[in-house]
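K.L.:
The sequence shown runs 6 to 267 under the numbering used here.
For each residue, glycine too, the CB sits at the ideal point set by N, CA and C.
Bear in mind that the values here come from a model prediction, so they are computed numbers and not experimental data.
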Amino acid sequence: MSGQTQRLNVVPTVTMLGVVKARLVGATRGHALLKKKSDALTVQFRAILKKIVSTKESMGEIMKTSSFALTEVKYVAGDNIKHVVLENVREASLKVRSRQENIAGVKLPKFEYTNDGEVSKNDLTGLARGGQQVQQCRIAYIKAIEVLVELASLQTSFLTLDEAIKTTNRRVNALENVVKPKLENTISYIKAELDELEREDFFRLKKIQGYKKREIEKQMLSSKQFAEEQVAEKFALQKGISLNSAHNLLSAGNEKDEDIIF
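1) Report back the beta-carbon spacing between Ile53 and Leu156 to the nearest angstrom; my notes put them in contact at under 8 angstroms.
2) When the distance is taken between beta carbons, is Arg12 closer than 8 angstroms to Tyr194?
3) For a quick check, are the C-beta atoms of Arg43 and Ile170 less than 8 angstroms apart?
4) For the putative contact between Ala145 and Ala82, defined by C-beta atoms under 8 angstroms, what is the C-beta separation to the nearest angstrom?
5) Just mark Arg51 as buried or exposed, buried being the case when its beta carbon has 16 or more other beta carbons within 10 Å.
6) Among Gln137, Ser103, Asn107, which has the Cα closest to the Cα of Tyr118?
7) Shorter than 8 angstroms from the beta carbon of Ala179 to some beta carbon of chain D?
8) Using the Cβ count rule (16 or more neighbours within 10 Å means buried), how would you classify Thr18?
9) Give every residue of the same chain whose Cβ lies closer than 6 angstroms to the Cβ of Ser158, excluding the five residues on either side of it in the sequence, and list them in chain order.
10) Which residues mark the beginning and the end of the alpha helix (DSSP H) in which Ser162 is found?
11) Need the endpoints of the alpha helix (DSSP H) that Arg34 sits in, please.
12) Just curious, the beta strand (DSSP E) that Glu106 is in, first and last residue?
13) Looking only at DSSP bridge pairs, what is Pro5 linked to?
14) So if DSSP puts Asn120 in a beta bridge, which residue, or which two residues, is it bridged to?
15) State the CB to CB distance for the pair Leu180 and Gly65, rounded to an integer number of angstroms; the pair is presumed to be in contact (CB under 8 angstroms).
16) In the structure shown, what three-state DSSP assignment does Val15 receive?
17) Mark Gln230 as exposed unless 16 or more other C-beta atoms lie within 10 angstroms of its C-beta, in which case mark it buried.
18) Rounding to the nearest angstrom, what Cα-Cα distance links Asn107 and Leu199 in this structure?
19) Per DSSP, what kind of secondary structure is Ser125 in: helix, strand or coil?
20) Should Ile221 go down as buried or exposed, given a rule of 16 or more other Cβ atoms within 10 Å for buried?
21) Excluding sequence positions up to five away, which residues of its chain have a Cβ less than 8 angstroms from the Cβ of Asn174?
22) Would you grab the beta carbon distance between Val94 and Leu166 for me? Rounded to a whole angstrom, and I think it's under 8 angstroms.
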């Protein structure tokens with residue numbers, strides 16, 4: 006039963022053997038392609054992981070600088086500076102857009118930010134001793150947003166690649182450990198059955214040939230006996246003796262006399 010579960014339930018014919026061989030060739034090619042895809046995704050996965058580590062290392066310093074800049078602005082301009090900035094800003098100058106990047110057939114989401122405003126724009130310079138600090142805080146947070154958007158893009162791609170690699174590896178393992186062995190066992194089974202059928206056909210042909218040979222010998226013996234009967238009957242008619250006596254005379258003529266030396 007274990008051998009039957011490790012192969013396909015097919016009829017052992019030459020046509021089916023060709024079909025299963027074609028499926029095995031396709032499975033082998035698919036296994037090779039999926040293996041290459043898994044390797045390519047793994048290389049990209051490690052590169053993204055390296056970028057995430059370096060981005061997180063730089064993010065700490067950037068976030069610390071931006072937090073200090075905001076604290077300095079609040080100290081110089083007061084806590085109400087937030088409301089003044091919100092009233093002065095009519096439209097967001099920083100915008101985040103998403104796109105997709107194709108890596109070995111896997112679509113990775115990418116986030117990009119665009120800066121529609123000018124960094125040198127200084128609408129709040131008139132505030133007492135607060136304009137310069139506000140601009141420095143603005144620049145610091147632009148850098149922080151840039152790092153955060155890049156980190157979000159990398160982490161999203163990291164998770165997407167991780168899931169794609171797991172799925173691809175499952176398919177590779179299924180082809181390598183289930184599909185290909187089952188097809189190979191099926192091919193071996195069909196070949197064994199075809200060989201057995203060929204041996205049975207050979208034995209059957211030999212048996213038929215022996216039967217035909219015996220039939221031919223019987224026919225030849227019957228023909229010989231019939232010819233002898235015809236000769237005996239003709240001899241009996243010529244000599245005017247019985248048919249049995251003619252048979253005996255013909256038989257005696259065919260036998261060799263041991264007393265005659267030459």
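P.N.:
Judging by the given coordinates:
1) Rounded, the Cβ-Cβ distance is 11 angstroms, inconsistent with contact.
2) Between Tyr194 and Arg12, the C-beta gap is smaller than 8 angstroms, which places the two residues in contact.
3) The residue asked about is misnamed: residue 43 is Ser in this sequence, not Arg. Cβ distance < 8 angstroms, so Ser43 and Ile170 count as in contact.
4) In fact, because the Cβ distance is near 15 angstroms, the residues do not count as touching under 8 angstroms.
5) exposed
6) Ser103
7) No chain D appears in this structure, which consists of one protein chain only.
8) exposed
9) Lys115, Phe116
10) 136-179
11) 19-82
12) 99-108
13) Nothing can be reported for residue 5: it is not among the residues displayed for the chain, which extend from 6 to 267.
14) Leu99
15) Actually they are not in contact, since the Cβ atoms of Leu180 and Gly65 sit about 44 angstroms apart, beyond 8 angstroms.
16) coil
17) Classified as exposed, Gln230 has fewer than 16 neighbouring CB atoms from the shown chains inside 10 Å of its CB.
18) 48 angstroms
19) Confidence at Ser125 is low in this model, with a pLDDT of 47, below 50, so its placement is unreliable and the value that follows should be read with caution. Ser125: coil per DSSP, three-state reduction.
20) exposed
21) Ser43
22) In fact, because the Cβ distance is near 37 angstroms, the residues do not count as touching under 8 angstroms.
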